[in-house]
Amino acid sequence: MESTDHTALNDAIISIQAKYLRSLDQHLEHFSNLLTCIDTDQEAAHAIVKIKERAHRIYGLAGTIGLEQLGENAKQVEITAAKLDQATTKSRAQSEELASLVEGLLDYIKDLQHSYLGPSDLLP
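Under our numbering, the very last position in the sequence shown is 262; numbers go up by exactly one each time.
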């Protein structure tokens, strides 16, 4: 009986993880749009704040449902965006570091989606 309970719990966790990973599609598009704004003077500050907020949301839930590495990657994006947001002068190197971390996070999300989800679960 205990083995059956463990299997049911494991199946439930995997189901939650898969549902969560499908929901990340919305973040993929938003992050991509925000990255294009980082280099524009008028929209950079807003984009950095939005990147920080989105990364925080991912970080907050990912570890809770057993996707610790995803959470850690999002945490690094959040920390870097927060530092850039607080900087009085924003250097090109800081913007490039943030963009690189966001791109790495997006790649990691896509890899997780392909690992956890079947082809029919992924958007075209």
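All C-beta atoms in this analysis are idealised placements derived from N, C-alpha and C, irrespective of residue type, glycine included.
Given this structure, state the Cα-to-Cα distance separating TYR246 from ALA193, to the nearest angstrom. If I take the Cα positions, the gap works out to 13 Å.
Got a sec? Which residues, its chain only, sit under 7 Å from TYR197 by beta carbon, not counting five neighbours each side? Only GLY209, ALA212, LYS213 and GLU216 meet the Cβ criterion.
I'd like the span of the alpha helix (DSSP H) that includes GLN180, first residue to last. Where GLN180 is concerned, there is no enclosing alpha helix (DSSP H), given that its DSSP letter is neither H nor E.
Going by DSSP in three states, SER238 sits in which element: helix, strand or coil? Helix, per DSSP.
Using alpha carbons as the reference points, say which of ILE189, ILE152 and ALA150 lies closest to GLN164. Comparing alpha carbon positions, the residue from ILE189, ILE152 and ALA150 closest to GLN164 is ILE189.
Using a 10 Å radius around the Cβ and a threshold of 16 neighbouring Cβ atoms, would you call ILE186 buried or exposed? Note on ILE186: 16 or more other CB atoms within 10 angstroms of its CB, so buried under the neighbour-count rule.
By the three-class DSSP mapping on this structure, what secondary structure does LEU205 have? Look at LEU205 here: in three-state DSSP terms it is coil, with no helix or strand label.
Looking at the structure shown, is THR226 part of a helix, part of a strand, or coil, going by DSSP? THR226: coil per DSSP, three-state reduction.
Judging by CA-CA distance, which residue of TYR158, HIS144 and GLU191 is the nearest neighbour of PHE169? Minimum Cα-Cα distance from PHE169 among the listed residues TYR158, HIS144 and GLU191 corresponds to GLU191.
Within this structure, are the beta carbons of ILE203 and GLN251 separated by less than 8 Å? No, these two residues do not count as a Cβ contact at 8 Å.
Let me know if THR218 comes out buried or exposed under the rule of 16 or more other beta-carbons within 10 Å of its beta-carbon. Taking all protein chains in view, the Cβ of THR218 is crowded by 16 or more other Cβ atoms within 10 Å, so the residue is classified as buried.
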